[in-house]
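Peer 1: First, the structure itself, so that you have it in front of you.
Protein chains in written order, with this note's numbering: chain A, 1 to 306; chain B, 307 to 597.
Structure (structure tokens):
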């Protein structure tokens, strides 16, 4: 397998006057990759382009070595896609549905049927595989969508909000399946999700988009170490002035409901600067801890969500 | 050990580039149609005219055996098997009515269900092009219409030859075989575009069914109203049914029921197909494939 299955250069795409993607450059390694970004960041547009549904206005790219502008059909033969919204074909049972979509991907009929049974067992739908799809619960539909995405044994799987609408147990089970799939070294899983904890539990690499631009990308562990110093502070007296002072030196400050102050310290500053401002503003520091940065913190820092 | 505990397993086959990617769409479309309530009954009813006309072909060869039914031999002249016989089968009102009914059962949900249940994104995330998708859906319609047009038409010719025991019939009307094929393709093409077009404009299969039925009969009513007021035969061109019948008469070399060149009706039907194709192309393109 190539180290980079997905590579795009200077990708631009506009919906009329609205810039959806503005010069995105990406090289994605194998394994599970999280695609993050607020609404309107360009995640869906990027997936549409990678799947070959949309042709970029400018830029170029390769998915599995196939040109995203010219070889869209070939790309779709070797990728699996699990859409966010519920989708089914009424009147079918899970076996027919899964084998049908396997056939459409290019599997021989008998093989598709055999493989459909296997993947339905794999995703835990063995008991209900002959039930009409319209009677399925949300959790079962989610599993079914995963089954149809992997039936033809794709080399890349795009998962769009794979855990949406699931109860906590169902969520854990789907994430376990995704982790198991992505543990195969020759399958790449690209997950677009708003649930950051899901991404953090499954992915080792993230791509963060904001306003159509690439805000950050890299291994989660590297991003945590290199870019951010997060401190949790509990302060007393002149808190507002203290927070303003921190903001004036370039820190991003977030205050939680239990009055915990989260301070994202820029790399050029050091913790002593926080203490100096507290002294200046005559603020008592009662709790000062260097926090373990989570993906949520990275996302908040990069995207600028307070 | 259960499969899910063994972990993800690769498939050891190889994905092929399909020659006819629309074939699975058609096969499953036909399979699902047969699962629909009342479909089998209405499909059987659609075959009734074919059975009657087939019996007529048999009777035409044994006309003396049936002469006891009437004193006047002219009464049995309708049993004469000639292009008019074929024309009357292909353009009879009951058959056209039953084809419209078949479209309600087999065609109404073809695209509207995909729109309602967001299945388009599943199709188009596969190596399926828009033309393959339409082809697959249209072939479902073609399958059912051919069973009540093309197959009986060819059967009539074969049975006539078998019952008569000579090739005289074929020698007298060598073009009839091509007329059967031509008109079957024509009527199938029209109903495929007509049904898929209406199926693509609404997500509710029931409304689509009503539209398919309604539009067909509405065109007939409109013709009736205008014809009643202005007494002009050209208003017959407003009726889908009459246009199909006019073209049918043309294909089988018969005098059309309305004294208007059948080629006009032919062009009207072709125009409807072209318009339907344009709308279909736009409607399916405008669907968000990835939300």
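Even for Gly, the Cβ is constructed at its ideal location relative to N, Cα and C.
1. Taking the alpha carbon of residue 440 (chain B) as the point to measure from, which residue in B:328, B:492, B:461 has its own alpha carbon closest?
2. Who are the near neighbours of residue 31 (chain A) in its chain, counting only those whose CB is closer than 7 Å to its CB and skipping five residues on each side?
3. If I follow the unbroken alpha helix (DSSP H) through residue 235 (chain A), where does it start and stop?
4. Please confirm if residue 274 (chain A) has its CB atom under 9 Å from at least one CB of chain B.
5. For the segment 170–181 of chain A against the segment 123–142 of chain A, are there 3 or more C-beta pairs whose distance is under 8 Å?
6. Just the C-alpha distance for residue 194 (chain A) and residue 209 (chain A), rounded to the nearest angstrom, thanks.
7. For residue 522 (chain B), would you say it is in contact with chain A, using Cβ-to-Cβ distances shorter than 9 Å as the test?
8. Between residue 314 (chain B) and chain A, is the shortest Cβ-Cβ distance under 9 Å, so that the two count as touching?
9. I'd like to know whether the C-beta atoms of residue 251 (chain A) and residue 428 (chain B) end up nearer to each other than 9 Å.
10. Under a Cβ-count criterion, where at least 16 other Cβ atoms within 10 Å of its own Cβ denotes burial, should residue 279 (chain A) be classed as buried or exposed?
11. Taking the C-alpha atoms as reference points, what is the distance between residue 544 (chain B) and residue 487 (chain B)?
12. What do you get for residue 192 (chain A), buried or exposed, if any count of 16 or more other CB atoms within 10 angstroms of its CB means buried?
13. Work out the CA separation of residue 316 (chain B) and residue 551 (chain B) for me, nearest whole Å.
14. Which whole runs of the alpha helix (DSSP H) in the segment 505–582 of chain B are 4 residues long or more, in chain order?
15. Between residue 422 (chain B) and the rest of its own chain, which residues show a CB-CB distance below 6 Å, the 5 nearest in sequence each way excluded?
16. Give the single residue among B:455, B:571, B:314 whose Cα lies nearest to the Cα of residue 401 (chain B).
17. Going by beta carbon distance, what residues of the same chain come within less than 6 Å of residue 585 (chain B), once the five residues before and after it are set aside?
18. With DSSP as the reference, label residue 361 (chain B) as helix, strand or coil.
19. I'd like to check one pair, residue 213 (chain A) with residue 23 (chain A): are the Cβ atoms closer than 9 Å?
20. Kindly indicate if chain B contains any beta-carbon less than 9 Å away from that of residue 2 (chain A).
21. Can you list the residues of chain A that residue 417 (chain B) reaches, using a CB-CB cut of under 8 Å?
22. Using the Cα positions of residue 483 (chain B) and residue 472 (chain B), report the straight-line distance between them to the nearest angstrom.
23. Would you tell me roughly how many angstroms separate the C-alpha atoms of residue 247 (chain A) and residue 38 (chain A), rounded to the nearest one?
24. Looking at the C-beta of residue 411 (chain B), does it have a partner C-beta in chain A at a distance below 9 Å?
25. Does the structure place the segment 457–473 of chain B close enough to the segment 391–398 of chain B that three or more beta carbon pairs sit under 8 Å?
26. Is it true that the segment 69–78 of chain A meets the segment 40–48 of chain A, where meeting means three or more beta-carbon pairs spaced less than 8 Å apart?
27. Interface residues of chain B around residue 153 (chain A) at Cβ under 7 Å?
28. Examine the Cβ distances between the segment 56–74 of chain A and the segment 437–452 of chain B and report whether three or more of them are shorter than 8 Å.
29. Which chain A residues sit within Cβ distance under 7 Å of residue 398 (chain B)?
30. According to DSSP, is residue 324 (chain B) helix, strand or coil?
31. If distances are taken between C-alpha atoms only, which option among A:18, A:13, A:268 comes closest to residue 46 (chain A)?
32. Can you tell me the Cβ-Cβ gap for residue 598 (chain B) and residue 354 (chain B), rounded? I've got them flagged as a contact below 8 Å.
33. Alpha carbons only, please: which of A:240, A:179, A:155 is nearest the one belonging to residue 163 (chain A)?
34. Is residue 300 (chain A) helix, strand or coil when you go by DSSP?
Peer 2: On the basis of the supplied data:
1. As a position in the second chain, residue 440 (chain B) is number 134, starting the count at 1. The candidate whose alpha carbon is nearest that of residue 440 (chain B) is B:328.
2. Here the question's residue 31 (chain A) lines up with position 31 in the first chain. If we look at residue 31 (chain A) and ignore the five residues flanking it on each side, its Cβ neighbours are 182, 188, 204, 205.
3. By one-based count along the first chain, residue 235 (chain A) stands at place 235. Residue 235 (chain A) -> not in any alpha helix (DSSP H); beta strand (DSSP E) instead, spanning 229–236.
4. Along the first chain, one-based indexing puts residue 274 (chain A) at 274. With 9 Å as the cut-off, residue 274 (chain A) does not count as an interface residue toward chain B.
5. yes
6. Stepping through the first chain from its first residue, residue 194 (chain A) is reached at position 194. Stepping through the first chain from its first residue, residue 209 (chain A) is reached at position 209. Using only the alpha carbons, I get a separation of about 12 Å.
7. The residue given as residue 522 (chain B) occupies position 216 in the second chain. It does not; no Cβ of chain A falls within 9 Å.
8. As a working mapping, residue 314 (chain B) is identified with position 8 in the second chain. Judged by the 9 Å Cβ criterion, residue 314 (chain B) is in contact with chain A.
9. As a working note, residue 251 (chain A) is residue 251 in the first chain. As a working note, residue 428 (chain B) is residue 122 in the second chain. Going by C-beta atoms, residue 251 (chain A) is not nearer than 9 Å to residue 428 (chain B).
10. Position 279 of the first chain, counting from 1, holds the residue named residue 279 (chain A). It is exposed - the Cβ of residue 279 (chain A) has fewer than 16 other Cβ atoms within 10 Å.
11. Locating residue 544 (chain B) in the second chain gives position 238, counting from the first residue. Locating residue 487 (chain B) in the second chain gives position 181, counting from the first residue. About 26 Å.
12. Locating residue 192 (chain A) in the first chain gives position 192, counting from the first residue. Classification for residue 192 (chain A): buried.
13. On the second chain, residue 551 (chain B) is found 245 positions in, with the first residue counted as 1. On the second chain, residue 316 (chain B) is found 10 positions in, with the first residue counted as 1. If you take the alpha carbons of residue 551 (chain B) and residue 316 (chain B), they lie about 57 Å apart.
14. 511–536, 546–557
15. Position 116 of the second chain, counted from the first residue, corresponds to residue 422 (chain B). Around residue 422 (chain B): 509.
16. In the second chain, counting from the first residue as 1, residue 401 (chain B) sits at position 95. Selected option, being the one with the closest Cα: B:455.
17. For the purposes of this step, residue 585 (chain B) is taken as residue 279 along the second chain, with counting starting at 1. The answer, listed in chain order, is 503.
18. Within the second chain, the letter at position 55 stands for residue 361 (chain B). In this structure, residue 361 (chain B) counts as helix in the three-state DSSP scheme.
19. As a working mapping, residue 23 (chain A) is identified with position 23 in the first chain. As a working mapping, residue 213 (chain A) is identified with position 213 in the first chain. Closer than 9 Å, so yes.
20. Translated into positions along the first chain, residue 2 (chain A) becomes position 2. Residue placement at residue 2 (chain A) is flagged as unreliable, the pLDDT there being 47, under the threshold of 50; the coordinate-derived value follows with that caveat. So, not an interface residue.
21. Against the second chain, residue 417 (chain B) aligns to sequence position 111. Correct list: empty, because the minimum Cβ distance to chain A is about 12 Å.
22. Counted from its first residue, the second chain places residue 483 (chain B) at position 177. Counted from its first residue, the second chain places residue 472 (chain B) at position 166. Whole-angstrom Cα-Cα distance: 16 Å.
23. Stepping through the first chain from its first residue, residue 247 (chain A) is reached at position 247. Stepping through the first chain from its first residue, residue 38 (chain A) is reached at position 38. Going from the Cα of residue 247 (chain A) to the Cα of residue 38 (chain A) covers about 23 Å.
24. As a position in the second chain, residue 411 (chain B) is number 105, starting the count at 1. With 9 Å as the cut-off, residue 411 (chain B) does not count as an interface residue toward chain A.
25. yes
26. no
27. As a first step, residue 153 (chain A) must be located in the first chain, where it is residue number 153. The answer, in chain order, is 316, 317.
28. no
29. Locating residue 398 (chain B) in the second chain gives position 92, where the first residue counts as 1. Correct list: empty, because the minimum Cβ distance to chain A is about 32 Å.
30. In the second chain, counting from the first residue as 1, residue 324 (chain B) sits at position 18. Here residue 324 (chain B) sits in coil by DSSP.
31. Residue numbering aside, residue 46 (chain A) sits at position 46 when the first chain is read from its first letter. Minimum Cα distance to residue 46 (chain A) is reached at A:13.
32. Nothing in the structure corresponds to residue 598 (chain B), since chain B is present only between 307 and 597.
33. Residue mapping note: residue 163 (chain A) aligns to position 163 of the first chain, counting from 1. Among A:240, A:179, A:155, the Cα nearest to that of residue 163 (chain A) belongs to A:179.
34. The residue labelled residue 300 (chain A) in the question sits at position 300 within the first chain. Correct three-state label for residue 300 (chain A): helix.
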